[in-house]
Amino acid sequence: MTKNFKSDNYFGVHPQIWEAMMGANEGSAGSYGHDKYTEELKEKLTELFEHDVSIFLVSTGTISNCLSISALCPPYGTVYSTEEAHINNDECNAPGFYLNGSRVSMCTDPSRPSKLDLSKIEFDIKNSLDNRPHKTKPSCITVTQSTELGQVYSLAELREIQDFAKKYNLKIHMDGARFANALVTLGCTPAEMTWKVGVDILSFGCTKNGGLMGEVIVIFNKDIAEEFDYLHKRSGQLLSKTRFFAAQVLGYLRDDLWLKMARHSNSVAKKFEELLKEVPALSSTTEVPANELFIKMPKEVAEALWAEGFEFYVWDVAASSYRFVTSWATSEESVVEFIKAAKRITSK
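In this note's numbering, the protein residues as written are -3 to 344.
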């Protein structure tokens, strides 16, 4: 039993994915993506997304986001994001590096933390266009699904972003590090959550949902895909033994493993939210539609839980908020043990 709730990337690789990678280790294969595994993966993702896609395998979510956005936004452009987005907080200004200085404008809706505020974006766009060429060019929107606060954009919200982007000729990138968790929450198809709501390019995450270190940039817009191979190579992400990354994702997708793992992590998080009600001193600060919880608790309670071996992150010191993340490998038993410990500590 694990006591670790720090993040879903703390856990290991699902055995089925290891098996798929080991299978690719037999014999030889073409390099730099010219192999049967990469070709099969393109066919699989084309079928999965119900759209002819271009795919580029990369090693991390950071490079997946940065390369994707760099294809949408010129150096004199603006990317619209939220304060909580990974590109703002956890990528060491890699977007600034790969975008050659493009501006990132943070437009968070205060009534829907971690989600975009289209009215703020519109104000910025009008100001930019009224002051052309002194202001940067409005270029694209990046949407995190699910968000850094564990929230999920509904299909209606995504359609609203699509209509807005179309109105102002903006491209749309989706950060899908936890794409599977959002998908099973909505109960829709991958197509319905991406290109059918205007997404041009997707960072399709695997690592946080049982993978090793593979992400896929999935491009729906052929114009963007046309010269993306240059960006891919220049970034150092054109891997010579691409087949191992492709085999990993094939194992991830086989027999809907990716969806099964996401359903499990989401259901354990929901169980956590329900059991939390049994501890009056602790409370969830947000809804829990996916696999992240943000729990408010006294500092001394958190310290006592840490002393007992439970692991979780401080999220907001001022608000006494702590982040908990469940994964494909998190058991309900782990949650039950946490609740038991919290009850005992808070009843002293």
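Cβ atoms here follow ideal geometry from the backbone N, Cα and C, with glycine treated the same way.
Computed from a predicted structure; not experimentally measured.
Supposed close pair N177, S124 - CB separation, criterion 8 Å: N177 to S124, Cβ: 34 Å. No contact.
Distance CB(D171)-CB(T140) smaller than 7 Å: Result yes, Cβ atoms of D171 and T140 sit closer than 7 Å.
Beta-carbon spacing of V106, L145 below 7 Å: It is worth fixing the name first, because residue 106 is Pro in this sequence and not Val. Not in contact: P106 and L145 (Cβ atoms no closer than 7 Å).
Any chain B beta carbon closer than 7 Å to S64: In the displayed structure, chain B is absent; only one protein chain is listed.
Secondary structure, alpha helix (DSSP H): runs of 4+ residues fully inside the region 219 to 278: 224 to 230, 238 to 249 and 253 to 272
Burial state of V348, where buried means 16 or more other Cβ atoms lie within 10 Å: The structure shown does not extend to residue 348, since the chain is modelled only from -3 to 344, so the question has no answer here.
Exposure of E17, with buried meaning 16 or more beta-carbon neighbours within 10 Å: Inspection of the sequence shows that residue 17 is occupied by Met rather than by Glu. So M17 ends up on the buried side.
Within the region 280 to 310, ranges of the alpha helix (DSSP H) (whole runs, at least 4 residues): Taking 4 residues as the minimum length, the alpha helix (DSSP H) runs contained wholly in the region 280 to 310 are 295 to 303, in order along the chain.
When S115, H169, L37 and N217 are compared against G66, the one with the closest alpha-carbon: Residue identity check: residue 66 is Ser in the sequence provided, not Gly. Checked all of S115, H169, L37 and N217; the closest Cα to S66 is H169.
Nearest neighbour of L179, chosen from N205, F320 and Q158 [CA to CA]: N205
L182 versus N287 - alpha carbon distance: 13 Å
Assigned secondary structure, V180 (DSSP; H/G/I helix, E/B strand, else coil): helix
DSSP beta-bridge partners of E211: V54 and G201
Under 7 Å between C-beta atoms of S60 and E211: In terms of Cβ geometry, S60 and E211 form a close pair [threshold 7 Å].
With 16 other Cβ atoms within 10 Å as the buried cut-off, status of A173: buried
Secondary structure of N5, DSSP reduced to three states: helix
Start and end residues, beta strand (DSSP E) containing T140: K133 to T140
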